[in-house]
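In what follows, a structure is listed as structure tokens, so that the remarks can point back to it.
Protein chains in written order, with the UniProt record's numbering: chain A, 1 to 263; chain B, 1 to 579.
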């Protein structure tokens, strides 16, 4: 009986050993199976990557620069974009509304609201409250406008603005007394100089009438510079540039003077 | 009896005890043996497993994923990651005469029939050569780099002797694009000529070849430059053409072309005269394109302070030689007019006032006396005027001829770097073919003052707006530049009909970003160039067409409402505004 118990025990141990061995074997089989799966997957990745490289190279070859050029010459005829197709900023967008040439007829508009007045009055309010966040380039442009614009132009712009604000004040029923007073004072000062003011007022009147038709501060400037350059207006191309520049300067000039008045 | 029985019983019991003990001992021994055998078995198994692991199991793991994907030779890409050169397992066409067994005919059809069929698939193949190879009975390559579709067609011929081994070869997907920059790899896998030669150790190093090398070249700009140069070359019947687009602020070469070029994919035919790089290896007297450099040196040294000062424009007689202009421009010219009309006489006078030492110093600061600084192995040594005395000082006549680009021969690359320094604020930087990190742009050396550079930008813009460079005036790109048409030296003086026409330009002039040089070697007067062979008629239009094509790609937006301010100079021009 003792022997059989011992034998049983030993058989038990052996069975346990066998079970453990079997488990280890199963485990190692599984590990190996998984490993070979990983291996196969790696092989597939390599094959796919190589295939991808192969296809990519084929694509690059078929679409190489010389081939594209040949197709373009034969089939598509695309050309590089020209300056007129780019709009870098709002100012360039605004340039589009200028007349094609100095004495061109005004574009036909259907609305009659004098939006130049609102625009002129709205800008100072905006830039006055947010003076700190004004872009540098704008300040720079405005300074330059003062530098090369001569003595007469900025003042006439101040006059425009005063008139515009006054009209707006009438319309909106608000009072911009301080601003108006400042502008008046400036006008009185300038009247003492005599001759230039008459000419300027005429300019402004005409500009205003143009503006009321076309509704844009820059249009005034174009009108002005067109008249002043009337002698050299026959020259095309390069002469058109100063007009554009003046137009841009005027916009910013207005803004600048606007800041002063609203303060 | 009882005693006997008892003793017998005791004896039996003893015997029984002894036998039990004996049996137990045996069992114990057997068990020990079993356990020992078990341990020995386990130990042996472990040892066998260890040996197996150590010897065999490691083998497939050794080729890891990364290593399997490691190319035998590193890839070269352009600045945007477009592959320019890569290792590529391409098909070859190999003739194996033993495919159908030893003896007997290696081909199913006759060699002539097979050769004819092959010529139909590969029209550029040589029929006679193919027949000879197929008849010879020796294994040989019939063709390298066979496209898959071509391989399919050959397979359809049903000849088992025609095999397609896949071999790792160097492949250039863009064909001959930037061939002079890249170079080629020969049959033995050795790089030649361009960056393949320069980067050889890097491309073969197992630690580094996995990551592609990015060059500074932009394949789109390169394509446009090569295309327009080829057109200009064909229109003017020129012998060759060279062009370069250089970033003025970093010295990166964005495009570099030398035509006629070669196809690096045909390494067997690649080594020929066309491998020669005209941009970095050939030196030319680049003529009038040197005038802005002279004027810049004079402005920088304070010799020219007032641009309205007029100089006599009558031919100069110096040391037995006469300096002429191409046309008569009147009695006198000022400096802007001299540049616009490209007057040798006035430039020579300015150089004379400046003096040889200062001009020489400027030229040396622009590295005109040494090989161009670029990674390419083929770099030409300039023909630098040695000077008339032992110290190497230039005489008056040497100073004067150098001032308008004669008596000194440099590569177009020298000129590109000099123009970059002229327009970028006065800093000379070495040209490089590697992509430069914007944070690590080389400091460079200052050659001109920033104010001089600003003045030169105006003058260069005026030359394009009003002067000889008008045909390069791409609308909205604010191109500025200078033409140069130099006669090539021949036996007994300069040859009147062999010119080197160069246009050196930069754009946009209000904030220069790129220098563009176009050069034609011996252009002829043709109907396309209005019968003219000077740079204004052949090289300038090339720049005028290249700039609109590459400008938007390189981030320069055309803008007709912007330009460099030349209003202070325009009144000085006789036929311009103002006067």
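We put the beta carbon where it would ideally sit given N, CA and C, even for glycine.
It should be emphasised that the depicted structure is a prediction, and the values quoted were computed from it without experimental measurement.
Pairwise C-alpha distance: residue j and residue i
| i | j | result |
| --- | --- | --- |
| residue 29 of chain A | residue 169 of chain B | 41 Å |
| residue 236 of chain A | residue 66 of chain A | Confidence is the limiting factor: at residue 236 of chain A the pLDDT is only 40, short of 50, which leaves the residue's position unreliable and the question unanswerable from this model. |
| residue 562 of chain B | residue 92 of chain A | 11 Å |
| residue 522 of chain B | residue 257 of chain B | 17 Å |
| residue 527 of chain B | residue 358 of chain B | 43 Å |
| residue 304 of chain B | residue 82 of chain A | 38 Å |
| residue 445 of chain B | residue 424 of chain B | 12 Å |
| residue 172 of chain B | residue 343 of chain B | 46 Å |
| residue 426 of chain B | residue 455 of chain B | 11 Å |
| residue 288 of chain B | residue 325 of chain B | 11 Å |
| residue 124 of chain B | residue 143 of chain B | 11 Å |
| residue 263 of chain B | residue 327 of chain B | 43 Å |
| residue 33 of chain A | residue 67 of chain B | 23 Å |
| residue 233 of chain B | residue 279 of chain B | 15 Å |
| residue 524 of chain B | residue 284 of chain B | 18 Å |
| residue 36 of chain B | residue 70 of chain B | 51 Å |
| residue 329 of chain B | residue 276 of chain B | 40 Å |
| residue 15 of chain B | residue 41 of chain B | 38 Å |
| residue 137 of chain A | residue 90 of chain A | Residue confidence is low: residue 137 of chain A scores 43 on pLDDT, short of 50, so the model does not pin down where it sits. No coordinate-derived value is stated. |
| residue 387 of chain B | residue 362 of chain B | 15 Å |
| residue 238 of chain A | residue 332 of chain B | Reliability fails at residue 238 of chain A, whose pLDDT of 40 lies under 50, so the model's placement of it is uncertain and the value that follows must be treated cautiously. Whole-angstrom Cα-Cα distance: 27 Å. |
| residue 409 of chain B | residue 416 of chain B | 14 Å |
| residue 78 of chain A | residue 261 of chain B | 26 Å |
| residue 182 of chain B | residue 204 of chain B | 16 Å |
| residue 13 of chain A | residue 47 of chain A | 50 Å |
| residue 292 of chain B | residue 87 of chain B | 46 Å |
| residue 281 of chain B | residue 243 of chain B | 13 Å |
| residue 167 of chain B | residue 91 of chain B | 6 Å |
| residue 140 of chain A | residue 560 of chain B | Its pLDDT being 46, under 50, residue 140 of chain A is placed unreliably in this model, and the value from its coordinates should be taken loosely. Rounded to whole angstroms, residue 140 of chain A to residue 560 of chain B spans 20 Å at the Cα level. |
Listed by chain order, chain B residues near residue i by CB distance under 8 Å
| i | result |
| --- | --- |
| residue 78 of chain A | Simply none; closest approach about 11 Å. |
| residue 95 of chain A | 561 |
| residue 101 of chain A | Within 8 Å Cβ-Cβ: nothing; residue 101 of chain A doesn't reach chain B, min ~15 Å. |
Neighbouring residues, chain A, relative to residue i (Cβ below 9 Å)
| i | result |
| --- | --- |
| residue 88 of chain B | 53, 54 and 57 |
| residue 174 of chain B | 60, 61, 64, 65 and 66 |
| residue 171 of chain B | 57 and 61 |
Identified DSSP bridge partners for residue i
| i | result |
| --- | --- |
| residue 211 of chain B | Answer is none; residue 211 of chain B lacks a bridge partner. |
| residue 499 of chain B | B/487 |
| residue 192 of chain B | B/184 |
| residue 243 of chain B | B/257 and B/518 |
| residue 596 of chain B | A question about residue 596 of chain B goes unanswered here, because the residues of chain B that appear run from 1 up to 579. |
| residue 481 of chain B | B/505 |
| residue 91 of chain B | B/146 and B/166 |
| residue 85 of chain B | B/76 |
| residue 334 of chain B | B/310 |
| residue 41 of chain B | None, per the DSSP bridge assignment. |
Beta-carbon separation (whole angstroms), residue i vs residue j, contact threshold 8 Å
| i | j | result |
| --- | --- | --- |
| residue 84 of chain B | residue 433 of chain B | That pair is no contact at about 11 Å. |
| residue 245 of chain B | residue 550 of chain B | 6 Å |
| residue 467 of chain B | residue 339 of chain B | 7 Å |
| residue 646 of chain B | residue 255 of chain B | A query on residue 646 of chain B cannot be resolved here, the shown segment of chain B reaching from 1 to 579 and no further. |
heavy atom of the ligand ADP below 8 Å from residue i C-beta
| i | result |
| --- | --- |
| residue 157 of chain B | Because no ligand of any kind appears in the structure shown, any question about the ligand ADP cannot be addressed here. |
Within chain A, partners of residue i - CB distance below 7 Å
| i | result |
| --- | --- |
| residue 65 of chain B | 42, 45 and 46 |
| residue 68 of chain B | 46 |
Interface partners of residue i on chain B, CB under 7 Å
| i | result |
| --- | --- |
| residue 83 of chain A | 475, 476, 558, 559 and 560 |
| residue 88 of chain A | 557 and 559 |
Interface residues of chain A facing residue i [CB-CB closer than 8 Å]
| i | result |
| --- | --- |
| residue 177 of chain B | 64, 65 and 66 |
| residue 494 of chain B | Residues of chain A passing the Cβ test: none, with the nearest at roughly 37 Å. |
Which residues, in chain order, does the stretch 542-575 of chain B contribute to contact with chain A at a C-beta distance below 8 Å?
For the stretch 542-575 of chain B, which is checked against every Cβ of chain A, the residues closer than 8 Å are 548, 549, 551, 552, 557, 558, 559, 560, 561 and 563.
Contact list for the stretch 25-48 of chain A against chain B, Cβ threshold 7 Å
Those residues of the stretch 25-48 of chain A that come within reach of chain B (Cβ to Cβ, closer than 7 Å) are 39, 42, 45 and 46.
Closer than 9 Å between beta carbons: that is the criterion. Which residues of the stretch 205-236 of chain B meet it against chain A?
For the stretch 205-236 of chain B, which is checked against every Cβ of chain A, the residues closer than 9 Å are 219, 220, 222, 223, 224, 226 and 227.
Against chain A, which members of the stretch 468-481 of chain B pass a CB distance test of less than 7 Å?
Under the 7 Å Cβ criterion, the stretch 468-481 of chain B contributes 475 and 476.
Chain A contacts from the stretch 508-524 of chain B (Cβ-Cβ distance under 9 Å):
Listed in sequence order: no entries.
Quick one: which residues of the stretch 63-78 of chain A get their C-beta closer than 7 Å to a C-beta of chain B? List them in chain order.
Going along the stretch 63-78 of chain A in chain order, one finds 64, 65, 66 and 69 with a Cβ nearer than 7 Å to chain B.
Name the residues in the stretch 121-153 of chain B whose C-beta lies less than 7 Å from a C-beta of chain A; which are they?
Taking 7 Å as the upper bound on Cβ-Cβ separation, chain A lies near no residue of the stretch 121-153 of chain B.
Under 9 Å (Cβ pairs) to chain A, residues found in the stretch 72-88 of chain B
Listed by position, the residues of the stretch 72-88 of chain B near chain A (Cβ gap below 9 Å) are 82, 83, 86 and 88.
Using a Cβ-Cβ cut-off of less than 8 Å, list which residues of the stretch 253-286 of chain B approach chain A; keep chain order.
For chain A, none of the residues of the stretch 253-286 of chain B brings a beta carbon within less than 8 Å of one of its beta carbons.
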